[in-house]
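A.B. asks:
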Amino acid sequence: PDTFALRKGRYGFVDPTAVDLPDWDINTVSEADGMWVAGFVNGEGSFSVRMGHVTFSVTQRSDEIGVIIFVANTLGVPNKLYTYDNSKRRSMGQKVGNECKLSVSNRWILNKRIVPFFERFPPKGRKLVEFQIFKQAVTLLCDRDKQDRYHKHFSNEERRLLTEYTETIRAIRRDPTAHQGGPQ
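Position 168 of the sequence shown, counted from 1, bears residue number 163 in my numbering, the numbering being contiguous throughout.
Rendered as structure tokens:
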């Protein structure tokens, strides 16, 4: 529907705040499971911010799909599993198998599930700084939606903030000592 709306120059077909999520309560997540998932995401997960798009993802070999399903269930998100062929990487001589990936890019699912989970079970080290920046970006985008501005152009201030978030996360990934805090 969003693609159709963009092509026709019309908006309002999809309400981004209307997400269908399974029942879930952060308080039902056991301490052991929550800490395990936080540690796993610390090593295998990613919090990404790219100009107006936010994504949380976790990748694993396809024979470990049960781990990805466990993570999705613990986080209370719908299972959006993708299996990658990786034949292109193999044709280039890389020894790789297939992968499975949990990827969540709906900002409202991120706001209602991912952010509260990692506030209760925070990752460690630079992944914590990445999460804090990610959380600010999700909040900014959800606030725009609440103001019925999800189909409007970003203001100069919003563009500046999103660019700062993106660049800060990139800098942390390139050189973890480059930025000890998050954007102010």
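Heads up, the beta-carbon is just placed ideally off N, CA and C, and yes, glycines get one too.
Does the segment 133 to 145 touch the segment 101 to 109, meaning 3 or more C-beta pairs lie closer than 8 Å?
C.D. replies: The answer is yes - the segment 133 to 145 touches the segment 101 to 109, with three or more Cβ pairs under 8 Å.
A.B. asks: Do you know offhand how far N151's Cα is from S98's?
C.D. replies: One C-alpha to the other measures close to 29 Å.
A.B. asks: Give the secondary structure of G40 by DSSP, where H, G and I count as helix, E and B as strand, and everything else as coil.
C.D. replies: Reduced to three states, the DSSP call for G40 is strand.
A.B. asks: Looking at C-alpha atoms only, which residue of K96, K119 and L156 is the closest neighbour of L136?
C.D. replies: Taking only the C-alpha atoms, the option nearest L136 is L156.
A.B. asks: Out of P118, E159 and N81, which has the shortest C-alpha to C-alpha gap to S57?
C.D. replies: Among P118, E159 and N81, the Cα nearest to that of S57 is on N81.
A.B. asks: Across which residues does DSSP place H148 in a beta bridge pair?
C.D. replies: In DSSP, H148 forms no bridge with anything.
A.B. asks: Can you tell me whether G88 is buried or exposed, with buried defined as 16 or more other CB within 10 angstroms of its CB?
C.D. replies: That one is exposed.
A.B. asks: By DSSP's criteria, T50 is part of a beta bridge. Which residues make up the other side?
C.D. replies: Looking at the DSSP assignment, T50 forms a beta bridge with S43.
A.B. asks: How many angstroms separate the CA atom of G7 from the CA atom of V91?
C.D. replies: In this prediction, G7 scores a pLDDT of 49, lower than 50, which makes its location untrustworthy; the coordinate-derived value is nonetheless stated afterwards. Near 43 Å, if we compare the C-alpha coordinates of V91 and G7.
A.B. asks: Helix, strand or coil, according to DSSP, for F116 in the structure here?
C.D. replies: DSSP places F116 in coil when its eight states are reduced to three.
A.B. asks: Considering I63, what are the terminal residues of the alpha helix (DSSP H) in which it resides?
C.D. replies: Note, I63: alpha helix (DSSP H), I60 to L70.
A.B. asks: Sort M46, P17, R45 and R121 by Cα distance to G38 and report the nearest one.
C.D. replies: That would be R121, whose Cα lies nearest to the Cα of G38.
A.B. asks: Near G177, what residues of its chain come up, given a Cβ to Cβ distance below 8 Å and the 5 sequence neighbours on each side ignored?
C.D. replies: Below a pLDDT of 50, predicted positions are generally treated as unreliable, and G177, at 48, falls in that range; the measurement from the model is reported next regardless. These residues qualify, in order along the chain: V124, Q127, I128, Q131 and T163.
A.B. asks: Using CA coordinates, which residue listed in G47, V72, R168 and E159 is at the minimum distance from H148?
C.D. replies: Cα-wise, what sits closest to H148 is G47.
A.B. asks: Exposed or buried, E114, counting other C-beta atoms within 10 Å across all chains shown (16 or more means buried)?
C.D. replies: The residue is exposed, with fewer than 16 neighbouring Cβ atoms inside 10 Å.
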